[in-house]
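Below: one structure, written as C-alpha cells.
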Amino acid sequence: MFDSDRQKGKVILMLTFVLFLYYTVWVIGLPFIDDDRLKSLFYSHNLALIIPACLGLFFIGGLILFTVYHVKPYLAQKIEKVE
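Take the sequence shown: its position 10, counted from the start at 1, is 10 in full-length UniProt numbering, and no numbers get skipped.
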C-alpha cells in the first residue's frame, strides 16, 4: 500500500492531526455551540473524558505489567545470590 516510510509517516501524521482536531473541537469548542445539527456529529461529552481516562489506565497498566515481567527474573537471581 505504501511505497516508502515517508508516505506512511505522512498518512500517520495526517490521521493524528485530524483526530487531535476532532477531539479539540469536541472538548473545547462544542460547549459553546448551540446548533443541534453540529452537535449531532459528536458523541456525548461524557465520553470525551471517559475514553482518554480508560486508555490511560490501560497504558499505565501495560507499563506496569511489562516492568514486572522483565524485573521478576532479575529479582529471582538477586535472591538466589543472597541465599
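The beta-carbon is built from N, C-alpha and C at its ideal position, and this holds for glycine as well.
Owing to the predicted nature of the structure, the values given are computational and were not obtained by experimental measurement.
Could you tell me which of Val11, Ile60, Leu30 sits nearest to Ala48, measuring between CA atoms?
Leu30
What is the C-beta distance between Trp26 and Phe2, in whole angstroms, given that I count them as a contact (C-beta under 8 Å)?
Contact flag wrong, Cβ pair sits at about 29 Å.
What is the rounded straight-line gap between the Cα of Pro52 and the Cα of Ser44?
14 Å
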